[in-house]
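Using our numbering, you'd call the opening residue of the sequence shown number -5 and step up by one each time.
Even for Gly, the Cβ is constructed at its ideal location relative to N, Cα and C.
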Amino acid sequence: MKKYSRILIIVNLILLLGYFNWSVYKKEQILKDGRLVLLQLVPVDPRSLMQGDYMRLNYQEASSAPVDDQTAKRGYAVLRTDSNQVGEIVRLQNALEPVNSDELVIKYKIVHYRLFLGAESFFFEEGQDTLYQKAMYGGLKVNDKGQNLLVGLYDKEFHRIQSDK
């Protein structure tokens, strides 16, 4: 019986490590091949006693999107980007459908009539809060399936804000 338990533990460990490596690989692909879109931020208090310094991200587009009882709880937001890569929600849809060449899709979910588009917080080193207070945009890399990763915060001139350290 002990022999089967060990084999079962080893198989589960291999499966777990395989899944972890696959998810890391998929995120690396989004960073490498994803399309950058900037979403305007609405200011939120950037401190937490338990977690350290961070900024809760509240996207302007998520706040202005029309959400009601008829809107699907999960779906895709179609965004149109301008020359500075700033995204604006054109419509919400249920399926990953073909979109125009100047549009991209990003997965969304709705919780209590609030639209969530991506990463909701950005952590930074202690003492760097004044640097990130000038953040105007959250930069997301989005792949063709609507999956996204937060890559950084951007200022009003559309430059990525980076720590001095």
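Which of helix, strand or coil DSSP assigns to residue i
i, result
"GLN127", "coil"
"VAL84", "strand"
"ILE155", "coil"
"ALA56", "helix"
"GLU160", "No information on residue 160 is available, as it lies outside the stretch -5 to 159 that the chain covers here."
"VAL5", "helix"
"ASN137", "coil"
"GLY132", "strand"
"GLU22", "helix"
"TYR(-2)", "helix"
"ASP47", "strand"
"LYS147", "Checking the sequence, you will find Leu at residue 147 rather than Lys. Three-state result, LEU147: strand."
"PHE116", "strand"
"LEU32", "strand"
"TYR13", "helix"
8 Å contact criterion, which residue i and residue j should meet: CB distance rounded
i, j, result
"LEU33", "LEU111", "7 Å"
"GLN54", "VAL36", "5 Å"
"ALA113", "LEU51", "6 Å"
Nearest neighbour of residue i, chosen from the options [CA to CA]
i, options, result
"GLU119", "ASP158, GLU82, LEU134 and TYR131", "ASP158"
"GLY140", "MET130, GLY69 and ASP123", "GLY69"
"LEU109", "ILE83, GLN23 and SER77", "ILE83"
"SER77", "VAL145, GLU151 and ALA59", "GLU151"
"ALA66", "TYR148, LYS103 and MET130", "LYS103"
"THR75", "LEU25, LEU98, VAL93 and ASP62", "LEU98"
"ASN142", "ARG0, SER17 and TYR13", "SER17"
"TYR148", "LYS20, ASP138, GLY132 and ASN137", "GLY132"
"GLN156", "LYS128, PRO60, PHE14 and LYS135", "LYS128"
"GLY121", "ASP47, VAL93, ARG154 and LEU134", "ASP47"
"ASP138", "GLY28, ARG154 and HIS153", "GLY28"
"MET130", "PRO60, PHE117, VAL80 and SER58", "VAL80"
"LYS101", "ALA56, ARG154 and LEU2", "ALA56"
Contact with chain B by residue i, beta-carbon distance below 8 Å
i, result
"ASP76", "Absent from the structure is chain B; it holds one protein chain and no more."
Just checking, does the stretch 78 to 94 make contact with the stretch 7 to 14 on the three C-beta pairs under 8 Å criterion? no
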